[in-house]
Amino acid sequence: MSDPLQAPRGTFDILPEQSAARLEVERVTRAVLESAGYGRIETPVFEPTELFTRSVGEATDIVQKEMYTFIDGGERSLTLRPEVTAPIVRAYLQHGMHKLPQPVKLWYLSSCFRYERAQKGRYRQFWQIGAEAIGSDDPAVDAEAILLLSTILGELGVKDLHLRIGSLGGTEARERYRELLKTHLRAHEDLLAGDVRARIDLNPLRAFDSADPSTREVMSTAPLLLDHLDDEDLDHFAEVRSLLDAVGISYSIDPTLVRGLDYYARTVFEFNSDALGAQSGVGGGGRYDGLAEQINGPPTPGFGWAAGIERILLAATSLEDEAARTDLFVILENQNRPTKASGFALAAGARAGGMTAQIELAGRSVKGQFKHADRIGARFVAVVGDGRIELKDLSNGEQTEHADDEGALRALIELKGADQ
Ligand code: AMP
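Take any residue in the sequence shown, note its place counting from 1, add 7, and you have its number in the numbering used here.
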């Protein structure tokens with residue numbers, strides 16, 4: 008039985024005291040990405056199910072068991088987005104963005120939905136920041152996007168970060184390699200975990216992700232894709248690395264880096280943080296040159312990444328929750344209409360003047376209102392009575408008296424101004 012007083016398992020409320028840290032993630036993401044010409048995009052929360060089955064891949068965990076799929080009133084199968092890359096490539100194609108100067112650089116901050124086993128750092132609704140550069144296969148696109156994520160995570164104070172990169176090669180090299188790998192897996196079939204064995208044909212590369220000890224043993228002698236890349240793929244990968252070297256980003260090359268989505272080709276990468284437990288992936292992504300065709304579009308290269316906001320918050324040092332600042336709290340000495348109207352106008356005037364201001368809204372006693380002003384950290388209080396307003400600076404106890412709200416507001420603006 009579900010409890011209507013509990014948010015569903017794996018979901019959470021974002022409470023006011025947690026919003027400052029999230030806003031900081033958004034501010035830094037926006038500043039860094041917009042400094043490199045990325046523009047914000049927001050796509051719908053749900054999309055046709057087929058968009059994800061075609062792009063993310065039928066054989067992936069996401070499509071096989073993690074999607075929130077439902078039939079709407081018009082008998083259409085829709086799915087809450089489990090990731091945002093496919094929706095953005097869909098939007099790029101739908102809006103004819105190939106006519107714009109390429110690559111088109113887009114960023115987002117969106118929620119995603121996956122039916123996963125909920126634990127610390129892994130939720131069923133979670134938030135991602137992400138960037139997509141669509142329309143160019145230049146290795147500088149890859150290196151720049153990785154650099155931008157590195158900058159964002161660095162500015163946010165994410166601790167103990169390391170970057171792994173790899174290359175999955177182009178379609179042909181990967182096809183040839185898949186056959187080699189399948190042969191290796193079949194030769195050791197009896198030692199493989201059940202789920203790996205079941206996916207030998209559909210998704211042999213995922214065997215590298217298995218935590219099963221016996222499977223890992225088999226994989227330690229498996230052929231590596233990096234050793235079977237075409238010359239062009241090798242060149243592409245070498246250039247990505249030399250550009251990362253040029254800006255001093257350190258990384259390790261991981262020939263077994265396989266990401267859980269089928270659409271990647273060539274460069275893939277992941278940032279992990281030791282400050283996180285089992286769920287150490289902070290963000291990652293890669294190149295997806297075949298994705299547009301998988302969803303019926305023309306061949307269109309692209310590169311992108313996503314990073315989980317909850318994981319960033321767990322791994323960051325500098326993102327303390329902050330108490331909101333209040334400039335003015337308006338105390339009402341009585342509930343008479345003229346008193347209230349005067350206090351109401353004073354609070355409104357203060358806000359219009361760029362301050363944060365609150366007024367008593369719960370009929371507390373004057374003593375209770377002073378206590379409340381203290382609790383919310385108000386710098387000034389205005390005590391409004393019949394025909395007079397006392398303005399008090401709680402930081403030094405200085406007090407002035409005014410005949411009406413206009414006079415009090417002028418004094419307040421002056422005091423605040425003198426403060427800056
Ligand atoms: P992915 O789309 O799987 O490559 O995920 C990109 C990033 O999103 C990961 O590195 C995590 O930071 C975050 N992420 C993915 N799945 C979850 C989840 N279930 N809960 C919280 N964060 C997630």
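Even glycine gets a Cβ: it sits at the ideal position worked out from N, Cα and C.
According to DSSP, residues forming a beta bridge with residue i
i           : result
residue 365 : 336
residue 54  : 86
residue 406 : 399
residue 317 : Answer is none; residue 317 lacks a bridge partner.
residue 137 : 115 and 313
residue 126 : 129
residue 260 : 172
residue 377 : Beta-bridge pairing links residue 377 to no other residue.
residue 277 : 171 and 291
residue 76  : 86
residue 323 : 165
Backbone CA spacing between residue i and residue j [nearest angstrom]
i           : j           : result
residue 58  : residue 270 : 12 Å
residue 355 : residue 410 : 18 Å
residue 90  : residue 247 : 25 Å
residue 151 : residue 366 : 49 Å
residue 76  : residue 84  : 7 Å
residue 10  : residue 20  : 15 Å
residue 64  : residue 360 : 54 Å
residue 256 : residue 80  : 50 Å
residue 300 : residue 100 : 10 Å
residue 55  : residue 139 : 21 Å
residue 347 : residue 29  : 36 Å
residue 264 : residue 82  : 39 Å
Residue i (DSSP reduced to helix, strand or coil)
i           : result
residue 396 : strand
residue 308 : coil
residue 178 : helix
residue 13  : coil
residue 153 : helix
residue 81  : coil
residue 37  : helix
residue 271 : coil
residue 44  : coil
residue 294 : strand
residue 28  : helix
residue 173 : strand
residue 484 : Beyond the ends of the chain as shown, which are 8 and 427, falls residue 484; an answer cannot be given.
residue 470 : Past the boundaries of the shown model lies residue 470; the chain is included only from 8 to 427, so the question cannot be answered.
residue 387 : strand
residue 225 : helix
residue 359 : helix
residue 285 : coil
residue 352 : helix
residue 66  : coil
residue 218 : coil
residue 200 : coil
residue 213 : helix
Distance CB(residue i)-CB(residue j) smaller than 8 Å
i           : j           : result
residue 307 : residue 48  : no
residue 120 : residue 317 : no
residue 310 : residue 160 : no
residue 175 : residue 181 : yes
residue 302 : residue 61  : yes
residue 390 : residue 399 : yes
residue 31  : residue 326 : yes
residue 386 : residue 368 : no
residue 313 : residue 135 : yes
residue 116 : residue 18  : no
residue 183 : residue 243 : no
residue 292 : residue 237 : no
residue 338 : residue 380 : yes
residue 127 : residue 284 : yes
residue 251 : residue 258 : yes
residue 189 : residue 202 : no
residue 112 : residue 173 : no
Exposure label - residue i; buried when at least 16 CB within 10 Å
i           : result
residue 197 : exposed
residue 254 : exposed
residue 215 : buried
residue 230 : exposed
residue 167 : exposed
residue 376 : buried
residue 106 : exposed
residue 343 : exposed
residue 294 : buried
residue 260 : exposed
residue 403 : exposed
residue 137 : buried
Any non-hydrogen atom of the ligand SAH closer than 7 Å to residue i Cβ
i           : result
residue 109 : For the ligand SAH, the structure offers nothing, since it holds only the ligand AMP.
Chain C within 8 Å of residue i, Cβ atoms only
i           : result
residue 123 : The chain labelled as chain C is not found in the depicted structure, where only one protein chain is given.
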